[in-house]
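full-length UniProt numbering numbers the first residue of the sequence shown as 1 and each following residue consecutively.
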Amino acid sequence: MVVRLNSGGVEGVDAYPVELEVDFVRQGLPGFTMVGLAETAVREAKDRVFAALRAANFKLPPARVTVNLAPAWRRKSGASYDLPLAVGLLAASGGIPAEGLQRFFMAGELSLSGELRPVSGILPLALLARQRGAAGIIVPPGNGAEAAVVRGLSVYTPHNIAQCAAFLAGAEPLDPLPEPENTEVPPPVHGLDFAEVKGQEAAKRALEIAAAGGHNVLLLGPPGSGKTMLAQRLPTILPPLDFEESLEVTKIYSVAGKLPDHQGLVRQRPFRAPHHTISDVALVGGGAYPRPGEVSLSHRGVLFLDELPEFQKSALESLRQPLEGGVVHIARSAHSVIFPAACMLVAAMNPCPCGYHGDPTHECSCRPDQRARYQARVSGPMLDRIDVHVEVPAVPYADLRQSRAGESSAAMRERVLAARAVQRQRYGDDGPRCNAELSGALLDVHCELDAAGHDLMEAAVNRLALSARACARVLRMARTIADMEGLERIDAAHLAEAVSLRVLDRG
1 MVVRLNSGGV EGVDAYPVEL EVDFVRQGLP GFTMVGLAET AVREAKDRVF AALRAANFKL
61 PPARVTVNLA PAWRRKSGAS YDLPLAVGLL AASGGIPAEG LQRFFMAGEL SLSGELRPVS
121 GILPLALLAR QRGAAGIIVP PGNGAEAAVV RGLSVYTPHN IAQCAAFLAG AEPLDPLPEP
181 ENTEVPPPVH GLDFAEVKGQ EAAKRALEIA AAGGHNVLLL GPPGSGKTML AQRLPTILPP
241 LDFEESLEVT KIYSVAGKLP DHQGLVRQRP FRAPHHTISD VALVGGGAYP RPGEVSLSHR
301 GVLFLDELPE FQKSALESLR QPLEGGVVHI ARSAHSVIFP AACMLVAAMN PCPCGYHGDP
361 THECSCRPDQ RARYQARVSG PMLDRIDVHV EVPAVPYADL RQSRAGESSA AMRERVLAAR
421 AVQRQRYGDD GPRCNAELSG ALLDVHCELD AAGHDLMEAA VNRLALSARA CARVLRMART
481 IADMEGLERI DAAHLAEAVS LRVLDRG
């Protein structure tokens, strides 16, 4: 008897259907064969499943079992096929009725005692199940909140294989999880505030502009000037994730296996701060079975690279394409995947190895050639992709001693939200989400300059040797500054501030 069940695999951040076919023949010598390009964890499912069924007091008669994972040309990985395999064996052997099993999608890992353990990639699978008209999806309890995010799909979460079998046999009712009452994402709560930052008004202004338009930022200054402190507070002025953005981020964390058990949507913008010893693959994604890297885990949030020149040069260069296109393309001999990577890059670095070049209170001990080699660790094309270059000088003691708090994150965030609302109204639901994503014809339409603006831009290009990419980024920043002032047209003052944020003397 052949029994068919529905499950799925994940490629990139999207799921594809996988049909399990279980053939149970009681003639001939007993044996077990699995076909369909299954990797090690899938092939090992046999031992886990038989142990789990024995622990649940299911007795399978001796038989020759053949399991096919279709389509056979796609590689299958992970432990999510344990549950459908166990249900297929029970149905094929006559332990539970086989009728109606294809109405459900199933995924989950089995422990040796028969308990269901959470697996990665459930949210994309639930979206696929709804798309294909499934009656419901059966997942471990730890994945229930994640799957319940998908409206219009019944989610069942049995605790063990015995409860799942009783539900499918009609012997024990199992209520679906209730749909979330409210999928709107509330404003994030942070324990940090820009009011705690003394001085650094120019840097705060630059970060506010960056947050309003989604622009990349480079903070340059001596040790202890507050670069990390400023970067850590950037998420406190970013707008909250809307539902679609939250769904995008949750899919990535689900596929990466980084979504905590019993958590549904990711409700706060990600802030990732990898150490400078990170490898290329960990930063941009990849591996034998490609998984998202830090730049994708920062999607719709912030990727903070502290001590930028200390990162491997190959790792930094691998960021160039994601920063330009907002996605990561990972190609392998058999297939290729795409991971979203539309994040804000915030980088921090010292001006030289000792950190004090240009600091009036400390003498720099570095030779010119040492400074040149240090700064050359970050290539020109990489720097060209960073919109805002801002100097963060050492804070004078007069600023440190003042008891008056600086402007709060709440006040800065109100201005950022107002500018983002202008952009959302201008571009609509199908256009760019922020000015940093403007390109092509839209850039020409929404960043049109008057005669004075063209003269200023021409002078900046000739004097500062700005590339075509740099010109486009200056225009996007000028558009953001105008939006913050509630003006429809970009004037020379907006353009001048944008150019000043692009130019930084590194000595």
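Glycine included, C-beta positions come from ideal geometry on N, C-alpha and C.
- Among the bridge pairs identified by DSSP, L345 is matched with L303.
- Uninterrupted beta strand (DSSP E) stretches at least 3 residues long and entirely within the segment 382-406 occur at 388-391, given in chain order.
- When the five nearest sequence neighbours on each side are left out, the beta carbons in the same chain lying within less than 6 Å of the beta carbon of L168 are those of I96, in order along the chain.
- Between L5 and G121, the beta carbon gap of about 17 Å keeps them out of contact (Cβ cut-off 8 Å).
- As computed with DSSP, V18 is found in a beta bridge with S7.
- Judged by DSSP in its simplified three-state form, S154 adopts strand.
- The beta strand (DSSP E) runs lying completely inside the segment 214-275 and spanning 3 residues or more are 217-220, given in chain order.
- The three-state secondary structure of E109, taken from DSSP, is strand.
- With contacts defined by Cβ atoms closer than 8 Å, L238 and T250 do not form a contacting pair.
- If you ignore the 5 residues before and after G226, its C-beta comes within less than 7 Å of the C-beta of V197, Q200, V392, V395, all in its own chain and listed in chain order.
- Here F243 is exposed. Its C-beta has fewer than 16 other C-beta atoms within 10 Å.
- By the criterion of a C-beta distance shorter than 6 Å, P223 is surrounded in its chain by G355, once the five residues flanking it on both sides are discounted.
- Assignment of A498 by DSSP, reduced to helix, strand and coil, places it in the helix class.
- Ranked by how close their Cα comes to the Cα of G114, the residues C164, A468, R413 have C164 in first place.
- In the structure shown, D82 adopts helical secondary structure according to DSSP, grouped into three states.
- The DSSP-derived three-state label of F104 is strand.
- Residue pairing by DSSP places P340 opposite V327 in a beta bridge.
- Here DSSP, grouped into helix, strand and coil, assigns R117 to strand.
- Collapsing the DSSP output to three states places A45 in a helix.
- Taking the Cα positions, S154 is about 8 Å away from A148.
- Beta-bridge annotation (DSSP): N160 is paired with E115.
- Under the criterion of beta carbons closer than 8 Å, L456 and L495 qualify as touching, at roughly 5 Å.
- Straight through space, the alpha carbons of C352 and E363 are spaced by roughly 12 Å.
- DSSP, reduced to helix, strand and coil, places L177 outside both helices and strands of the structure shown, so it counts as coil.
- For the pair of segments examined, the segment 281-296 was found to touch the segment 314-329: the number of CB pairs separated by less than 8 Å reaches three.
- For K76, the pairing in a beta bridge is given by DSSP as A38.
- Take the alpha-carbon of V2 and the one of M34: they are about 14 Å apart.
- With contacts defined by Cβ atoms closer than 8 Å, R469 and D387 do not form a contacting pair.
- Your pair L112 and L83 does not check out as a contact, with CB atoms roughly 14 Å apart and the cut at 8 Å.
- Sequence-distant Cβ neighbours of S77 in its own chain, meaning closer than 6 Å and more than five residues away, are E39, Y289.
- In this structure, the alpha-carbon of M349 lies about 49 Å from that of L177.
- Taking C-beta separations shorter than 7 Å and ignoring five residues to either side along the sequence, the partners of C366 in its chain run C352, P353, C354, H357, following chain order.
- Contact check for R103 against A63 fails: the beta carbons are separated by 8 Å or more.
- Going by DSSP, R64 is part of the beta strand (DSSP E) stretching over 64-70.
- Per DSSP, G144 lies in no beta strand (DSSP E) segment; the continuous alpha helix (DSSP H) that holds it begins and ends at 144-148.
- Distances from the alpha-carbon of P270 to those of P240, V65, K59, G440 put P240 closest.
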